[in-house]
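Quick note: the sequence shown, position 160, residue 164 per our numbering, numbers continuous.
Beta carbons are placed, not taken as given, at the ideal position from N, Cα and C, and that holds for glycine.
If you're wondering where the values come from, they're calculated on a predicted model, not measured in any experiment.
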Amino acid sequence: MKERAGVLFVFLFVGLLGCSGSAVANDPPPLTPAGEEPVVAEEGEPADGPEDFDGALVLNGEFIAVEDLEVHDISCELKEGGAFAMLEVVATLANSKAKLDACAPAGAAFRIGFQWTAEAGSATVSGSTKPSAEACVKEALDAIQGGPEGRCTAILLVGEVEAARRAAEMLKPPSSPDTDTE
């Protein structure tokens, strides 16, 4: 598993550099024109924080795992960062994996929101497959400091991985049927 992660990292790194070894010549245009703010879909507030937060980087990911900690459906608005900013967010969470896993050793999933500033962090748990462990997960997340400045929402998997993956499916919104008409 760790070999695959190393290969994936190398693949992503080389992919960012491009075949010529330079990321300068073929950089894609910015997603948002200069001087305009990106539009972020509202899915609820990730955690209590300043209403005037203005992230410079908006990232979304379906699945990210770092050091055996998995998050699904992660969405972040960060003050700054680059191509690996989302990995830094999950790596910061992974530093508390043992504490999080102790909250639900048999496996569970938690819909979380968190915000980190230069001074502190705060978190919310807005749903889970194990309500009795929500306070424990919130406490573990609140104790995390030193992450990238910004805020995120995600489905956090804790405890036994396979059980947590099954639990995560219960927290995801139901798929909408195709609305194509012929």
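Around the beta carbon of Phe-88, fewer than 16 other beta carbons lie within 10 angstroms, which makes this residue exposed. The beta carbons of Ile-159 and Ala-172 sit closer together than 8 angstroms. Residue ranges of uninterrupted beta strand (DSSP E) with 3 or more members, entirely inside the stretch 88 to 127 and ordered along the chain, are 112 to 120. It is roughly 13 angstroms from the alpha-carbon of Leu-97 to the alpha-carbon of Phe-114. Fewer than three Cβ pairs drawn from the stretch 130 to 144 and the stretch 59 to 78 lie within less than 8 angstroms of each other, which leaves the two stretches out of contact. Of the candidates Thr-157, Val-165 and Gln-119, the residue whose Cα lies closest to the Cα of Asn-64 is Thr-157.
Sixteen is the threshold: when 16 or more other Cβ atoms of the shown chains lie within 10 Å of the Cβ of Phe-118, as they do, the residue is buried. Taking all protein chains in view, the Cβ of Glu-81 is crowded by 16 or more other Cβ atoms within 10 Å, so the residue is classified as buried.
The continuous alpha helix (DSSP H) containing Glu-143 extends over residues 138 to 146.
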